[in-house]
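Novice: So the protein lines, in turn, are chains A and B. Residues 1 to 358 in the working numbering are what the first sequence spells out, letter by letter. Residues 359 to 662 in the working numbering are what the second sequence spells out, letter by letter. Cβ atoms here follow ideal geometry from the backbone N, Cα and C, with glycine treated the same way. Being a predicted model, the structure only gives us computed values, none of them experimental. Below is the structure I would like to discuss, written out as structure tokens.
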Amino acid sequence: MIYRETGQFKTSYAADQQIFPIRQDRVGIGILLAVAFLVVPAVAGNYWFNAILIPFLIFSLAALGLNILTGYAGQLSLGSAAFMAVGAYAAYNFQVRVEGMPVLLSFVLAGLTAAGVGILFGLPSLRIKGFYLAVATLAAQFFIVWCLTKFPYLSNNSSSGVISVPGVEILGFKFDTPASRYLLVLSIVVALALLAKNMVRSSTGRAWMAVRDMDVAAEVIGIRLMRTKLLAFAVSSFYCGVAGALYAFCYLGSVEPDGFSLDLSFKILFMIIVGGVGSIMGSFLGAAFILLLPIFLDISLPALAGLLGLPFDGATVSHIQLMVFGALIMFFLIVEPHGLARLWQIGKEKLRLWPFPH
Amino acid sequence: MQFFFEVLIGGLLSGVMYSLVALGFVLIFKASGVFNFAQGAMVYFAALSVVGCMEKGAPLWLALILAFGIMTLLGIATEKFVLRKMVNQPPIALFMATIGLSFFIDGFAPLLWGNEVRPLDIGLVDEPIPWILDSYNIVVSKFDLVAAGLALALVALLALFFQYTRVGRALRAVADDHQAALSIGIPLQHIWALVWAVAGFVALVAGMLWGSRNGVQFALTFTALKALPVLILGGFTSVPGAIVGGLIIGASEKLAEIYIPPVLAGWFGGNFGGIEGWFPYVMALLFLLVRPEGLFGEKHIDRV
Numbered sequence: 001m002i003y004r005e006t007g008q009f010k011t012s013y014a015a016d017q018q019i020f021p022i023r024q025d026r027v028g029i030g031i032l033l034a035v036a037f038l039v040v041p042a043v044a045g046n047y048w049f050n051a052i053l054i055p056f057l058i059f060s061l062a063a064l065g066l067n068i069l070t071g072y073a074g075q076l077s078l079g080s081a082a083f084m085a086v087g088a089y090a091a092y093n094f095q096v097r098v099e100g101m102p103v104l105l106s107f108v109l110a111g112l113t114a115a116g117v118g119i120l121f122g123l124p125s126l127r128i129k130g131f132y133l134a135v136a137t138l139a140a141q142f143f144i145v146w147c148l149t150k151f152p153y154l155s156n157n158s159s160s161g162v163i164s165v166p167g168v169e170i171l172g173f174k175f176d177t178p179a180s181r182y183l184l185v186l187s188i189v190v191a192l193a194l195l196a197k198n199m200v201r202s203s204t205g206r207a208w209m210a211v212r213d214m215d216v217a218a219e220v221i222g223i224r225l226m227r228t229k230l231l232a233f234a235v236s237s238f239y240c241g242v243a244g245a246l247y248a249f250c251y252l253g254s255v256e257p258d259g260f261s262l263d264l265s266f267k268i269l270f271m272i273i274v275g276g277v278g279s280i281m282g283s284f285l286g287a288a289f290i291l292l293l294p295i296f297l298d299i300s301l302p303a304l305a306g307l308l309g310l311p312f313d314g315a316t317v318s319h320i321q322l323m324v325f326g327a328l329i330m331f332f333l334i335v336e337p338h339g340l341a342r343l344w345q346i347g348k349e350k351l352r353l354w355p356f357p358h
Numbered sequence: 359m360q361f362f363f364e365v366l367i368g369g370l371l372s373g374v375m376y377s378l379v380a381l382g383f384v385l386i387f388k389a390s391g392v393f394n395f396a397q398g399a400m401v402y403f404a405a406l407s408v409v410g411c412m413e414k415g416a417p418l419w420l421a422l423i424l425a426f427g428i429m430t431l432l433g434i435a436t437e438k439f440v441l442r443k444m445v446n447q448p449p450i451a452l453f454m455a456t457i458g459l460s461f462f463i464d465g466f467a468p469l470l471w472g473n474e475v476r477p478l479d480i481g482l483v484d485e486p487i488p489w490i491l492d493s494y495n496i497v498v499s500k501f502d503l504v505a506a507g508l509a510l511a512l513v514a515l516l517a518l519f520f521q522y523t524r525v526g527r528a529l530r531a532v533a534d535d536h537q538a539a540l541s542i543g544i545p546l547q548h549i550w551a552l553v554w555a556v557a558g559f560v561a562l563v564a565g566m567l568w569g570s571r572n573g574v575q576f577a578l579t580f581t582a583l584k585a586l587p588v589l590i591l592g593g594f595t596s597v598p599g600a601i602v603g604g605l606i607i608g609a610s611e612k613l614a615e616i617y618i619p620p621v622l623a624g625w626f627g628g629n630f631g632g633i634e635g636w637f638p639y640v641m642a643l644l645f646l647l648v649r650p651e652g653l654f655g656e657k658h659i660d661r662v
């Protein structure tokens, strides 16, 4: 009844090719953005901004980056956290070393630096794929974190590589309140998500998907493998790099190389598995899910244990958390390999027929 | 030069430990085409089970049998609840499922047995062998030598098992072609459960050796990750490859740890320890560029 595209005719190519062809979707996304930009800053408290909304947006961006590489181009990477680290440290260095460098420009340069490093570690993907590539990206993970710890130049000679970023200031406006930082992150994430959405609908995105589905066949029909794969690595690392810069500048304020550990890489991988491999929206859903789950467990498990009268300590929570994560990943891969995004789609299909299924 | 040999031998012997873990990977990959990321977690779980049983008062031999039983159960459960439901999915999805499995085991093992670092005493001492120390002045650990011997025995045993038993033949058939094996009446699911149990056994041996050397702790799972570059070097489907790869990785990372940091420090100044952490991976990466199928791996032919 409410979600039906009957009567919405497309009379031009532009109308046929728009991102959201159904009017209800356009209205929905408009409302969502309006709420995110106008309502949320007015009602949310500092805890919400600092502990949930800002990390959610940043991790969504990182997941989006990994999704471009793994979900669209089919190259599994276990090193996304390392590319975030490159972004964070590059942005820091541009800020500290170049006098009067605009923050946004340093974010972009950080993304480009990460893209360069990504291309470097993506080179093996031209010869290998699958598990081999996964192991190769582990090299990026360990090597980059080690470099950031050991080369004092990269962290401006601070001890053991910890950096404290300067405050964010754009055109004289200081982003010092959580709400303002939230808006900054939100704007960047929305812009990049829109870019990604358009990229995967374009010939670039179709080339990625062709390579993902069968790279030999893609090569035969004239897709240049090297360019396509390396571009996927570059774009993915760019997104991860910007996410890393935001992670340092807008979320934590001070980061150390060990913070970008293998665990973080896995977390981002889990986000796209749960959210939906090969889906822009899935990256957001997955990030929300993986971020909220530990918070939910932290609150619910002690309560549950108290209810059952069981002994309980903090270590147990972290173990159960690991188990739940693992079980969830297996569950999603078995039951719904396309993740939450697919569930959302099924819901929409159902809604089209509602309330008169035939 | 003496020092060089000492480092080299120490590296080779510690490489044997990597080989042991890599062996578990190879077994499962050969039989089911699954790249089992959880092998490291299984090593941890096995070692923890042995320690846990011994704490409950079981003697070592009983603890070993019990731990093997637990690993077998784990293998069967994995086959039944995860792998069987994922038949016909792309290998990369199976790989990600085993990442999930490794997280699950990482959480489950300490929940069952407790998470504190515990020593594991299997009656071996980590001390230099006197006559080598006397005659060549090189420290060779008794413990490492026994571990190496054990690994060799294990490989020989597995090779015999694969070559001469009925089950071994079935395993090789499954590894060659699932469908063909199924069509001549080999029970695929039993075979898979079996191979997971065998991998559990290998994990048990590795866990015992590692646990008694470094203590049974969570860090075991990270060390076990080093088996991945070993596999790349040796090739995913080759048992001898796992052994040779392990030796190369073990030796090269120890040599790199000793000889590269001073050079870097000479160039840039500062402290560059910890190269072992990434050296095997980067070496595997460079190796992949030259020879993607590994030293002993099968050449892969793509069909469109």
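1. Could you check the C-alpha separation between B:A582 and B:M444 for me, to the nearest Å?
2. Could you tell me which chain B residues have their CB closer than 9 Å to the CB of A:T228, listed as they occur along the chain?
3. Identify which residue in B:A585, B:I434, B:F630, B:T456 has its Cα closest to the Cα of B:P620.
4. Pull up the distance between the alpha-carbon of A:I280 and that of A:N67, whole angstroms please.
5. Using a C-beta to C-beta distance shorter than 7 Å, which residues of chain A count as neighbours of B:F362?
6. Are at least three pairs of beta-carbons, each pair with one atom in the region 79-90 of chain A and one in the region 255-271 of chain A, less than 8 Å apart?
7. With 8 Å set as the bound, which would you pick, yes or no: does the beta-carbon of B:N473 sit closer than that to a beta-carbon of chain D?
8. Establish whether the CB of A:P124 and some CB of chain B are separated by less than 8 Å.
9. Which of the residues in the region 578-598 of chain B, read from start to end, lie with their CB under 9 Å from any CB of chain A?
10. If you draw a straight line from the C-alpha of B:P650 to the C-alpha of A:S125, how long is it?
11. Taking the alpha helix (DSSP H) that A:P21 belongs to, which residues open and close that run?
12. When DSSP builds the beta bridges, which residues end up paired with A:K174?
13. Nearest CA to the CA of A:L69: which residue from A:S236, A:L307, A:F131?
14. Round the Cβ separation of A:Q141 and A:S265 to the nearest angstrom and send it over; I've been treating them as touching at under 8 Å.
15. Which residues in chain A sit within 8 Å of B:Y314, going by Cβ to Cβ distance?
16. Put B:S302 into one of helix, strand or coil per three-state DSSP.
17. Taking CB distances under 8 Å as the criterion, tell me whether B:A451 reaches chain A.
18. Just by C-beta distance, which residues in the region 317-345 of chain A are closer than 9 Å to chain B?
19. So for B:R476, helix, strand or coil by DSSP?
20. Excluding sequence positions up to five away, which residues of its chain have a Cβ less than 6 Å from the Cβ of B:G410?
21. Return the chain-ordered list of same chain residues with a C-beta closer than 8 Å to the C-beta of B:G398, the five sequence neighbours on each side being excluded.
22. If you count every other CB in all the chains shown that lies within 10 Å of the CB of A:F20, and 16 or more means buried, which is it?
23. Of the choices B:G565, B:A531, B:L540, whose alpha-carbon is the least far from that of B:M429?
24. Hey, quick one: how far does the alpha helix (DSSP H) through B:Q547 stretch, first residue to last?
25. Please check the pair B:W550 and A:A139, which I expect to be a contact at CB under 8 Å, by giving their CB distance rounded to whole angstroms.
26. Tell me whether the beta-carbon of A:I273 lies closer than 8 Å to the beta-carbon of A:I188.
27. Taking B:S377 and B:L605 to be in contact with their CB atoms under 8 Å, please state how far apart those CB atoms are, rounded to whole angstroms.
28. Using only CA atoms, which one of B:L591, B:V648, B:G624 lies nearest to B:Y639?
29. Based on DSSP bridge pairs, tell me the residues matched to A:I29.
30. I believe B:A557 touches B:G382 by the beta-carbon criterion, under 8 Å. Please report the beta-carbon distance rounded to the nearest angstrom.
31. Identify the contact partners of B:P468 in chain A, using a Cβ-Cβ distance below 7 Å as the criterion.
32. To the nearest whole angstrom, what separates the beta carbons of A:A179 and A:P41, a pair I think is in contact under 8 Å?
33. With three or more beta-carbon pairs closer than 8 Å as the criterion, would you say the region 44-55 of chain A touches the region 217-228 of chain A?
34. If we ignore side chains and look at the alpha-carbon of each, how far apart do A:S164 and A:Q95 end up?
35. Span of the alpha helix (DSSP H) holding A:N93?
36. With H, G and I counted as helix, E and B as strand and the rest as coil, what does DSSP make of B:I633?
Specialist: If we stick to the structure as given:
1. Each residue's Cα considered, the two are about 25 Å apart.
2. Here the premise fails: no neighbours, minimum Cβ distance about 17 Å.
3. The shortest C-alpha separation from B:P620 is found at B:F630.
4. Going from the Cα of A:I280 to the Cα of A:N67 covers about 8 Å.
5. Result: empty, since nearest Cβ-Cβ is about 24 Å, beyond 7 Å.
6. Three or more beta-carbon pairs drawn from the region 79-90 of chain A and the region 255-271 of chain A are found closer than 8 Å, and the two stretches are therefore classed as touching.
7. Structure shown: chain D not included; protein chains present are A and B.
8. Taking Cβ atoms only, chain B reaches closer than 8 Å to A:P124, which makes this a yes.
9. Listed by position, the residues of the region 578-598 of chain B near chain A (Cβ gap below 9 Å) are F580, L583, L586, P587, L589, I590, F594.
10. The alpha-carbon atoms of B:P650 and A:S125 are separated by roughly 10 Å.
11. Looking at the DSSP string, A:P21 is not in any alpha helix (DSSP H), and its letter there is neither H nor E.
12. Note: A:K174 sits in a beta bridge opposite A:E169.
13. Sorting A:S236, A:L307, A:F131 by C-alpha distance to the C-alpha of A:L69 places A:S236 at the top.
14. Sure, about 6 Å apart at Cβ, within 8 Å.
15. The structure shown does not extend to residue 314 of chain B, since chain B is modelled only from 359 to 662, so the question has no answer here.
16. This structure cannot settle anything about residue 302 of chain B, because the visible part of chain B is limited to 359 through 662.
17. It does; some Cβ of chain A falls within 8 Å.
18. Contacts with chain B (Cβ-Cβ distance below 9 Å) from the region 317-345 of chain A involve S318, H319, I320, Q321, L322, M323, V324, F325, G326, A327, L328, I329, M330, F331, F332, L333, I334, V335, P337, listed in chain order.
19. Of the three classes helix, strand and coil, the one that applies to B:R476 here is strand, per DSSP.
20. Once the five neighbours on either side are set aside, the close Cβ partners of B:G410 are W471.
21. If we look at B:G398 and ignore the five residues flanking it on each side, its Cβ neighbours are V379, S460, L578, T579, F580, T581, A582, L583, A585.
22. With fewer than 16 other Cβ atoms inside 10 Å of its own Cβ, A:F20 counts as exposed.
23. For B:M429, the closest of B:G565, B:A531, B:L540 by C-alpha to C-alpha distance is B:G565.
24. Element bounds for B:Q547: 546-572.
25. The pair is not a contact, with the Cβ atoms about 31 Å apart (cut-off 8 Å).
26. No. Outside cutoff.
27. Yes, B:S377 and B:L605 are in contact; Cβ-Cβ is about 7 Å, under 8 Å.
28. By alpha-carbon distance to B:Y639, the top candidate from B:L591, B:V648, B:G624 is B:L591.
29. For A:I29, which the question treats as bridged, DSSP gives no partner whatsoever.
30. Between B:G382 and B:A557 the Cβ distance is about 4 Å, and since that is below 8 Å, they are a contact.
31. Below the 7 Å Cβ cutoff, chain A contributes H319 as neighbours of B:P468, in chain order.
32. So it is a contact: roughly 5 Å between Cβ atoms.
33. Fewer than three beta-carbon pairs drawn from the region 44-55 of chain A and the region 217-228 of chain A are found closer than 8 Å, and the two stretches are therefore not classed as touching.
34. Taking the straight line joining both Cα atoms gives about 11 Å.
35. Its alpha helix (DSSP H) spans residues 80-97.
36. The three-state reading of DSSP puts B:I633 in helix, counting H, G and I together.
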